[in-house]
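As given, the protein sequences belong to chains A and B, one line each in that order. Everything in the first sequence is counted per the working numbering, starting at 155 for the first residue and increasing by one. Everything in the second sequence is counted per the working numbering, starting at 155 for the first residue and increasing by one. The C-beta atom is built at its ideal place from N, Cα and C for all residues, glycine as well.
Protein chains: 2
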Amino acid sequence: MVEHILQLDLIFASLSDPTRRDILARVSRVELSVGELVENYDISFAAISKHLKIMEKAKLVVKRKQGRKQMVSLAPDALQSADEYLEQYRQMWQSRYSKLDDLLQ
Amino acid sequence: MVEHILQLDLIFASLSDPTRRDILARVSRVELSVGELVENYDISFAAISKHLKIMEKAKLVVKRKQGRKQMVSLAPDALQSADEYLEQYRQMWQSRYSKLDDLLQ
DNA sequence: TATATGTTCAACCATCCGGTTTAATAATAT
DNA sequence: ATATTATTAAACCGGATGGTTGAACATATA
């Protein structure tokens, strides 16, 4: 339970960085090695490796070893946790719009 | 555009802290003064005030002055931005489950 | 006007974060 | 065995973050 809350900390903290969101978008389309990811950014290999470690801890991505490469891919469960968290608020902005709808009627 | 991205940074960073998520949950139910919020936590008035400033900057909450009190309430638009960000990934875990469904058929 | 109440600001501290560089490790190729 | 390739680890740096305390500011109330 506390575990689950901690996980939300890690998930949202991961998502708060634009480089990590970009990594997420890329690996959601296709599995990529760490090196292939690095090519897209102007920061060091080590920096990307650290970003990936943060994302792994948040369970946003998984790595599997293939030869000497580490292949990175999306692990959708964490995003789903974030989505479920937002779920509880969804009706609030929906009701907002329905109020607006009422006005427009 | 860059503005919008920056906003996602602030929104997710805000949500990554459990105290702030708790504040959000409370003010989503009922408008509360800063002082009323403080009573729920073991940290200083100033600390809560700082959390609120972060949440205000992320546009997760709004404050309105009422006498000498500052009343805090939810501003759903930022949560909706977060939700829209997740939207692009939603089908990925949904398709995962539909694959599972297929297996179970 | 003085005082109490509600909140923020400022300065400070310890820790975390995103980046660097260099060294170490792991796996493949020569 | 050695060299090359792919990645992580370690040590470091500057700036942000979450907390503190104490002073300052704003608004009500006596």
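Contact belief for residue 243/B with residue 182/A at Cβ below 8 Å, rounded distance in angstroms: So it is a contact: roughly 6 Å between Cβ atoms.
Assigned exposure category for residue 234/B - 16 Cβ within 10 Å defines buried: Residue 234/B is buried by the Cβ-count criterion.
Below-8 Å beta-carbon distance, residue 196/B vs any chain A residue: Output row for residue 196/B: interface = no.
Nearest candidate by alpha-carbon position, reference residue 138/A, set 160/A, 167/A, 165/A, 187/A: No answer is possible for residue 138/A: it lies beyond the span of chain A, which begins at 155 and ends at 259.
contact_flag[the region 205-214 of chain A, the region 161-170 of chain A] where n(CB pairs < 8 Å) is 3 or more: Yes, since at least three Cβ pairs between the region 205-214 of chain A and the region 161-170 of chain A fall closer than 8 Å, the two stretches touch.
Sub-8 Å separation of residue 224/B and residue 217/B beta-carbons: In this structure, residue 224/B places its C-beta atom within 8 Å of the C-beta atom of residue 217/B.
Cβ of residue 262/B within 8 Å of any chain A Cβ: Residue 262/B falls outside the range modelled here, since chain B spans only 155 to 259, and no answer is possible.
Host alpha helix (DSSP H) of residue 174/A (start-end): Run containing residue 174/A: 172-183, per the alpha helix (DSSP H) assignment.
Outcome for residue 202/A when other beta-carbon atoms lying within 10 angstroms are tallied against a minimum of 16: Buried, because 16 or more other Cβ atoms sit within 10 Å of the Cβ of residue 202/A.
Backbone CA spacing between residue 232/A and residue 198/A [nearest angstrom]: About 26 Å.
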